[in-house]
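So for the sequence shown, this note's numbering puts the first residue at 91; every next one is plus one.
What follows is a short report on a single structure.
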Amino acid sequence: MKARTMARLQRTETPHTDWCARDHRCGLDAHRSPEIIADALGGRAVTTRVRAGDRDYAEITIRVRLDHRDPIAARQVGLTLHLINRLIRAVNAVRPEALAGRIRPALDRRSAA
Ligand SMILES: [Zn+2]
């Protein structure tokens with residue numbers, strides 16, 4: 091009996107979106123926007139819109155400046171996680187209809203990559 095060690099992956103190619111980067115950042119079945127960067131007080135958030143399958147997501151990488159004292163830094167990490175949890179809950183609590191009248195083209199524009 092022959093054992094198969096590799097699963098065969100089959101992906102269906104999906105078309106680019108109006109907002110995706112249309113370059114190496116896109117894959118066969120996932121599309122990614124150019125990064126949107128927000129700098130504030132020594133920290134940084136990099137947000138990327140992603141379409142994977144039939145769902146869109148915001149992927150966010152956040153850099154938060156921490157205190158040099160470890161116990162305080164550990165509490166700051168905990169506070170960061172707590173606030174990220176609240177952010178996710180707050181965004182998901184907003185009904186899409188509440189945002190329909192507030193289309194802001196600047197939020198969907200392409201950034202220089
Ligand atoms: Zn794409």
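For glycine and all other residues, C-beta sits at the position ideal for the given N, C-alpha and C.
Beta-carbon spacing of residue i, residue j below 7 Å
| i | j | result |
| --- | --- | --- |
| A118 | R145 | Looking at the sequence shown, residue 118 is not Ala but Leu. Cβ distance not < 7 Å, so L118 and R145 don't count as in contact. |
| S123 | R112 | no |
| H121 | T107 | yes |
Reference residue i, options the options, closest by Cα
| i | options | result |
| --- | --- | --- |
| A128 | I178, I150, A183 | I150 |
| G143 | P105, E187, R176, P186 | P105 |
| R141 | R165, H172, A164, R115 | R115 |
| I178 | A148, R165, A164 | A148 |
Three-state secondary structure (DSSP) of residue i
| i | result |
| --- | --- |
| H172 | helix |
| A190 | coil |
| A163 | helix |
| V140 | strand |
| R134 | strand |
| R179 | helix |
| D129 | strand |
| A111 | coil |
| R185 | coil |
| E149 | strand |
| H121 | strand |
**Message:** With three or more C-beta pairs closer than 8 Å as the rule, is the stretch 153-162 touching the stretch 132-139?
**Reply:** Enough Cβ pairs lie closer than 8 Å, so yes.
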